[in-house]
Every structure is written in C-alpha cells, then in structure tokens.
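So for the sequence shown, my numbering puts the first residue at 13; every next one is plus one. The beta carbon of each residue, even a glycine, is placed where N, CA and C say it ideally should be. Quick caveat: nothing in here was measured; it's all calculated off a predicted structure. A quick write-up on the structure given underneath.
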Amino acid sequence: MSEYENILYEKQRNGVLITLNRPESLNAISPDLESELHHALDLAESDNDIRAIVLTGAGRAFSAGYDMARPGSPMSKFVWPYGVPENESAAGAIDLWHKNDDAGIQKLLHLWQLGKPVIAAVNGWCMGGGSWYALTSHLTIASERAVFGQPEVRHISNTNFMWTLLAGYKNALRYGLTGDHVDALEAERIGLINEVVSHDLLLDKCFELVERIAKISPETVKTNLFISTQGLEMMGLNKAWILNGKLSALAHSSSREDYRKKMFDDLESGGMRAFLQTRDGPFQPEPFGPRSHRKE
Numbered sequence: 013m014s015e016y017e018n019i020l021y022e023k024q025r026n027g028v029l030i031t032l033n034r035p036e037s038l039n040a041i042s043p044d045l046e047s048e049l050h051h052a053l054d055l056a057e058s059d060n061d062i063r064a065i066v067l068t069g070a071g072r073a074f075s076a077g078y079d080m081a082r083p084g085s086p087m088s089k090f091v092w093p094y095g096v097p098e099n100e101s102a103a104g105a106i107d108l109w110h111k112n113d114d115a116g117i118q119k120l121l122h123l124w125q126l127g128k129p130v131i132a133a134v135n136g137w138c139m140g141g142g143s144w145y146a147l148t149s150h151l152t153i154a155s156e157r158a159v160f161g162q163p164e165v166r167h168i169s170n171t172n173f174m175w176t177l178l179a180g181y182k183n184a185l186r187y188g189l190t191g192d193h194v195d196a197l198e199a200e201r202i203g204l205i206n207e208v209v210s211h212d213l214l215l216d217k218c219f220e221l222v223e224r225i226a227k228i229s230p231e232t233v234k235t236n237l238f239i240s241t242q243g244l245e246m247m248g249l250n251k252a253w254i255l256n257g258k259l260s261a262l263a264h265s266s267s268r269e270d271y272r273k274k275m276f277d278d279l280e281s282g283g284m285r286a287f288l289q290t291r292d293g294p295f296q297p298e299p300f301g302p303r304s305h306r307k308e
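In structure tokens, the structure reads:
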C-alpha cells in the first residue's frame, strides 16, 4: 500500500477511509495533500475489494479550504494599487488564475466521475474548497458539529456551482454572495447534505452505508451511479463547471485595494488569525454555527 504524508488510507468494512490529515491547519488543502488525495481515489477505484470510499478529515475539521498561508501561494504577496502578485503583470496574473481554477474544476470532476461512490463524512469545519469536495462527493453525511461556508468570497474569490445544483438558486446565492456559515441542520434543510448524525456515530453511519452498497453487485452500483452523475453532465453540469472555472479566474482577478489590501497586510504582519479577524469580523455574528453569537 502507498505511504502518504498528508492523508491516511485505511481499508475497512468493504470500503476505504481516506482522511485528510493536516489537523494543525484544519486540513487546509495544499498541493501535496490534493495530489495524494487524487492518487488515493485512483487506488481505491482500481481495488476490487473496495466498494465505496469514505472521505473525512482529522481533528475538528473536514477541511478549512485551500491553504492560503503556505509559501508560494498565489495569495502570498500582492502589489498595489492593482492587486497583482509580486513580480507578475496583470495579464500574467489573470492567466495564472485561469490555469489554477481550470485545474481545480478538473479535480472535482475526477472525484465526481469515479465509478465507486464517495461518501463525505463531514466532522466539523467545512469551508471553501473543502466544502466543494464534500458536496461533490456522491453522498454527504454530516456530524451535528459540521459547519459549511464559502468565506473566501469575502476576500475576493469564487463560489462553486455545486452549491447551486444542491441547494437551489436562491439558497446558493444567499450563501455564495455573503460567505455566511451554514450549520448541519440548515445544510440538511436546504439540500446540501443527506443526513445529520451524532458526531460520535459519524464514521460508523457512513460505513453502515458502505456495507449496504456492498450488497449490490459492483457493476450495478457503477451503472446506477453513472445514471445520476452522467445524466447531470448531459443536462449541462460539465459545461456549468467549465464556465465556473473561467469565471472564477475573473473573480480572483477582481482585486480592489479598498476591499483587499488591509486583509493581506494583516496576513503578512499578524498571520492567519489577524487576516481572519479583518475578513470575517464585520460579518459576525454568523447566521448559523458556533460563531452565531458574539463572544463576551
């Protein structure tokens, strides 16, 4: 079995548990973690003993989203007044985002197009790109502690069409235009997820589902999975996602000094905590989740 540094891969109960394993950063998605995750998905796809995949996160988060604080991140240094990365032209910056966002959509499509069901076990914070992986998974079961959101829109970034597909146009805009938090019960109510379960029973509930799936022949499971996933692609999901990537590059490139500069100055001087306070402070209290009440 392959050895990984950023994920855990554990076969069990007719399936495999893949755990995003950077708990010190709330399982923020780095290039290495994402590469290992997709290698593991392919490994599970090729293993006849594995009938379904359970995807979760270590510690108190499923994933906080893409890692903005890592060295070399496209967001690690901006030059103002135009908000382009250091030593980069405006044209080069837009091209960089086109490549980055197109690649991101292709990774989601890779998960979506697998022939084995992926069940996201959302155990806590599930933000930004982490929410995209959780919602792109074919089934999504959440702990009562789960919190979803796309707070990156607050620092000039993009939403994802998967929110629209699952929650509907009105609900998707409600949260995609503000970055506001959605707790597990509200996520279930608007259709983002399948079910909310007790935190302590989350993985057991997911593997009970894996075992039920395993009672059906693998060819039948694959065919019925494709009826839904490829049917949605035939209806236009693939095109919507491709457009998502193109427009995301424009969202990332729409930097304005009055909206973005202080956030990233604070990131450089005070770290991620200072950045998040500047970005999210004006939006608190959140409508749902543990930050729905102001701290004393």
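Here's the rule I'm using: 16 or more other beta-carbon atoms within 10 Å means buried, otherwise exposed. How should Val91 be labelled? As a position in the sequence shown, residue 91 is number 79, starting the count at 1. Exposed, since its Cβ has fewer than 16 Cβ neighbours within 10 Å.
What residues in its chain sit with their C-beta under 6 Å from that of Glu164, if we drop five residues either side in the sequence? As a position in the sequence shown, residue 164 is number 152, starting the count at 1. So the qualifying residues of the chain are Gly140.
How many Å lie between Tyr187 and Leu221 at the Cα? Residue numbering aside, residue 187 sits at position 175 when the sequence shown is read from its first letter. Residue numbering aside, residue 221 sits at position 209 when the sequence shown is read from its first letter. One C-alpha to the other measures close to 29 Å.
Do you know offhand how far Leu53's Cα is from Gly71's? Along the sequence shown, read from residue 1 onward, the residue named residue 53 stands at position 41. Along the sequence shown, read from residue 1 onward, the residue named residue 71 stands at position 59. So the two alpha carbons sit approximately 21 Å from each other.
Are the C-beta atoms of Glu57 and some chain B residue less than 8 Å apart? Absent from the structure: chain B. Only one protein chain is present.
With a threshold of 6 Å on Cβ separation, who are the neighbours of Val28 within its own chain once the five nearest residues in sequence on each side are excluded? Residue numbering aside, residue 28 sits at position 16 when the sequence shown is read from its first letter. So the qualifying residues of the chain are Ala56, Ile62 and Ile65.
Just to confirm my understanding: we take Glu231, look at its own chain, exclude 5 residues before and 5 after, and list those with CB closer than 7 Å. What are they? As a working note, residue 231 is residue 219 in the sequence shown. Within the same chain, Glu231 has no close Cβ partners at all.
If contact is defined by three or more beta carbon pairs under 8 Å, each pair taking one atom from either stretch, is the region 214 to 228 in contact with the region 184 to 204? The region 184 to 204 makes no contact with the region 214 to 228, as fewer than three CB pairs between them are under 8 Å.
Met139 - DSSP class collapsed to helix/strand/coil: Reading the sequence shown from its first residue, position 127 is the one you call residue 139. The answer is strand: DSSP assigns Met139 an E or B state.
Around the Cβ of Met246, are there at least 16 other Cβ atoms within 10 angstroms (buried) or fewer (exposed)? One-based indexing of the sequence shown puts residue 246 at position 234. By the 10 Å Cβ count, Met246 comes out exposed.
Confirm, please, whether the CB-CB distance from Leu49 to Asn33 is below 8 Å. One-based indexing of the sequence shown puts residue 33 at position 21. One-based indexing of the sequence shown puts residue 49 at position 37. No, they are not a contact pair.
Considering only DSSP beta bridges, list what Ala154 is partnered with. Reading the sequence shown from its first residue, position 142 is the one you call residue 154. Answer is Val134 and Val208, bridged to Ala154.
Suppose you measure from the CA of Ser266 to the CA of Gly104; what does that come to, to the nearest Å? Along the sequence shown, one-based indexing puts residue 266 at 254. Along the sequence shown, one-based indexing puts residue 104 at 92. So the two alpha carbons sit approximately 14 Å from each other.
Taking C-alpha atoms, which residue in Phe160, Arg166, Ile153 and Gly127 lies nearest to Asp212? For the purposes of this step, residue 212 is taken as the residue at position 200 of the sequence shown. By alpha-carbon distance to Asp212, the top candidate from Phe160, Arg166, Ile153 and Gly127 is Ile153.
With a cut-off of 8 Å on the beta carbons, I'd call His193 and Val233 a contact; round off their distance for me. Along the sequence shown, one-based indexing puts residue 193 at 181. Along the sequence shown, one-based indexing puts residue 233 at 221. With 8 Å as the limit, His193 and Val233 do not qualify as a contact, their Cβ atoms being about 34 Å apart.
Which residue's Cα is closest to the Cα of Leu197: Glu223, Phe300 and Val96? Numbered from its first residue, the sequence shown carries residue 197 at position 185. Nearest Cα to Leu197 within the set Glu223, Phe300 and Val96: Phe300.
To the nearest angstrom, how far is it from the Cα of Gln24 to the Cα of Ser143? Against the sequence shown, residue 24 aligns to sequence position 12. Against the sequence shown, residue 143 aligns to sequence position 131. Near 25 Å, if we compare the C-alpha coordinates of Ser143 and Gln24.
Spatial neighbours of Lys274 within its chain, please: C-beta separation below 7 Å, excluding the five flanking residues on both sides. As a working mapping, residue 274 is identified with position 262 in the sequence shown. Answer for Lys274: Thr290, listed in chain order.
Is the beta carbon of Ala179 less than 8 Å from the beta carbon of Leu151? Here residue 179 refers to the residue found at position 167 when the sequence shown is read from its first residue. Here residue 151 refers to the residue found at position 139 when the sequence shown is read from its first residue. With contacts defined as CB atoms closer than 8 Å, Ala179 and Leu151 fail to qualify as a contacting pair.
Give me the Cα-Cα distance between Thr190 and Thr171, rounded to the nearest whole angstrom. Here residue 190 is taken as the residue at index 178 of the sequence shown, counted from 1. Here residue 171 is taken as the residue at index 159 of the sequence shown, counted from 1. Looking at the two C-alpha atoms, the distance is approximately 10 Å.
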